[in-house]
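Written below as structure tokens is the structure these notes are about.
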Amino acid sequence: MRFRMSGQGLGILRRRAFTLVELLVVIAIIGILVGLLLPAVQAAREAARRSMCTNNLMQLGIAIHHFEFNMNRLPAGVTDGASGPIRNENEGQHVSWTVQILPYMEEAAAFSKFDQVAGAYSKANEVVLKYAPPLITCPSNPVFRNESDQVISSYAGCHHGEEAPIAEDNNGLLFLNSRIRFADILDGSSHTILVGELVTSKDEKSNWTSGTRATLRNASSIREPKWAIPTASESAGEGDSDEKSSLFVGGFGSYHTGGAQILFADGSVQFVTQTIDSVALHALGNREDGELVSF
Numbered sequence: 000m001r002f003r004m005s006g007q008g009l010g011i012l013r014r015r016a017f018t019l020v021e022l023l024v025v026i027a028i029i030g031i032l033v034g035l036l037l038p039a040v041q042a043a044r045e046a047a048r049r050s051m052c053t054n055n056l057m058q059l060g061i062a063i064h065h066f067e068f069n070m071n072r073l074p075a076g077v078t079d080g081a082s083g084p085i086r087n088e089n090e091g092q093h094v095s096w097t098v099q100i101l102p103y104m105e106e107a108a109a110f111s112k113f114d115q116v117a118g119a120y121s122k123a124n125e126v127v128l129k130y131a132p133p134l135i136t137c138p139s140n141p142v143f144r145n146e147s148d149q150v151i152s153s154y155a156g157c158h159h160g161e162e163a164p165i166a167e168d169n170n171g172l173l174f175l176n177s178r179i180r181f182a183d184i185l186d187g188s189s190h191t192i193l194v195g196e197l198v199t200s201k202d203e204k205s206n207w208t209s210g211t212r213a214t215l216r217n218a219s220s221i222r223e224p225k226w227a228i229p230t231a232s233e234s235a236g237e238g239d240s241d242e243k244s245s246l247f248v249g250g251f252g253s254y255h256t257g258g259a260q261i262l263f264a265d266g267s268v269q270f271v272t273q274t275i276d277s278v279a280l281h282a283l284g285n286r287e288d289g290e291l292v293s294f
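In terms of numbering that gives the first Met the number 0, the sequence shown is residues 0 to 294.
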């Protein structure tokens, strides 16, 4: 304290300051405000990531439509000299639809460097396997490279309406050696799934150029959001034998809460919830079942 002289005698000049209780109250209020703000910030970030994911799918749709305009057919889901079915093994040609549309994604340089005869696992194509075209990775997906540092796609073409091996007789739009035209989509392009999101795994051995379950899925299910990296056993299915695991493909899914974003053949992108009726989902994956679907 300090003393001062006044006309009425000696007085005391007191300093004003925060008490300990006041300081604790202020800190508590700041903590509450931060606690309220962080979820809002996270929600805004996820909304931005989801918007970017929607744009990726729309651009993929435009590229596929440009391919169809020039080739009079959709790209094959996977090109391979074998008659199938395609196994989830890094053996064979297995050139995915993602490679075929590269020139229409402004990725002509990557397309020219990829040797399609050598296939999706050749060391001759290693530089392309480690390259990440911007449109094939969802910003909400935490896993976009495998243990071999090869890029994994966040999007997969629809090869069948239900769980089935990837083969030449699938009823989807992108499957083994397929040559589907828009005239073949009897259910209508706005009612047929073209591409959807998938849940990736760091254990994935294949890459974004591989026409296996790495870039092809079926309309068997929409997986619940996984905010943790799924294990290889989760990806392959529980209780499957080695034979079944090698042929298992699986459905769509994403890291967006509540469902996954789906690109339909007409170029529209819609968010399909994980609670969609399974019969309706199967019908959306089938190009010619004649079912009327509302979702």
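Beta carbons are placed, not taken as given, at the ideal position from N, Cα and C, and that holds for glycine.
Assigned exposure category for residue i - 16 Cβ within 10 Å defines buried
i	result
Leu19	exposed
Ala42	exposed
Phe68	exposed
Pro164	buried
Leu283	buried
Ile31	exposed
Arg286	buried
Ile85	buried
Ile261	buried
Glu196	buried
Ile151	buried
Leu280	buried
Ala109	buried
Leu291	exposed
Glu21	exposed
Ala213	buried
Leu36	exposed
Val33	exposed
Gly249	buried
Ser153	buried
Leu215	buried
Leu128	buried
Ala25	Note that residue 25 is Val in the sequence shown here, rather than Ala. Val25 comes out exposed.
Ser277	exposed
Ser50	exposed
Residue(s) in a DSSP beta bridge with residue i
i	result
Ile192	Phe263
Leu215	Gly156
Ile85	Ile165
Arg144	Val150
Gln269	Ile261
Arg222	Gly252
Thr18	DSSP, once it has assigned bridges, lists no residue as partnering Thr18.
Ser95	Val77
Leu175	Val77
Ser209	Val94
Cβ neighbours of residue i in the same chain (closer than 7 Å, five flanking residues each side left out)
i	result
Ala264	Leu172, Ile184, Ser188, Thr191, Leu193
Gly258	Ile221, Phe270, Val271, Thr272, Gln273
Gly80	Gln92
Leu246	Pro84, Arg86, Pro164
Ile100	Ala62, Ile63, Phe66, Pro74
Ile275	Ile221, Phe294
Asn71	Arg180
Lys204	Asn89, Asn145
Arg48	Pro138, Ser139
Glu162	Asn217, Ser219, Val248
Any C-beta of chain B under 9 Å from that of residue i
i	result
Val198	Structure shown: chain B not included; a single protein chain is present.
Residues near residue i by beta carbon distance below 8 Å, same chain, minus five either side
i	result
Val126	Lys112
Val268	Thr53, Leu56, Met57, Gly60, Gln260, Ile261, Leu262
Glu167	Ser82, Gly83, Phe174, Leu175, Asn176, Ser177
Tyr130	Ala109, Val150
Ala107	Leu101
Met104	Gln58, Leu59, Ala62, Pro132, Leu134
Gly289	Leu185, Asp186
Glu45	Ser139, His255, Thr256
Asn124	Lys112, Phe113, Asp114, Ala117, Gly118, Thr208
Cβ-based neighbour list, residue i, same chain, cut-off 6 Å, excluding 5 preceding and 5 following
i	result
Trp96	Pro74, Gly76, Gly156, Leu173
Gly160	Asn170, Ala218, His281, Gly284, Asn285
Tyr348	This structure leaves residue 348 out entirely; the chain is present only between 0 and 294.
The ligand GTP heavy atom lying under 8 Å from the CB of residue i
i	result
Asn89	Looking at this structure, you won't find the ligand GTP or any other ligand, since it has none at all.
At least 3 beta-carbon pairs within less than 8 Å: the segment 174-187 vs the segment 131-144: no
Three or more beta-carbon pairs under 8 Å between the segment 164-180 and the segment 113-124, yes or no? no
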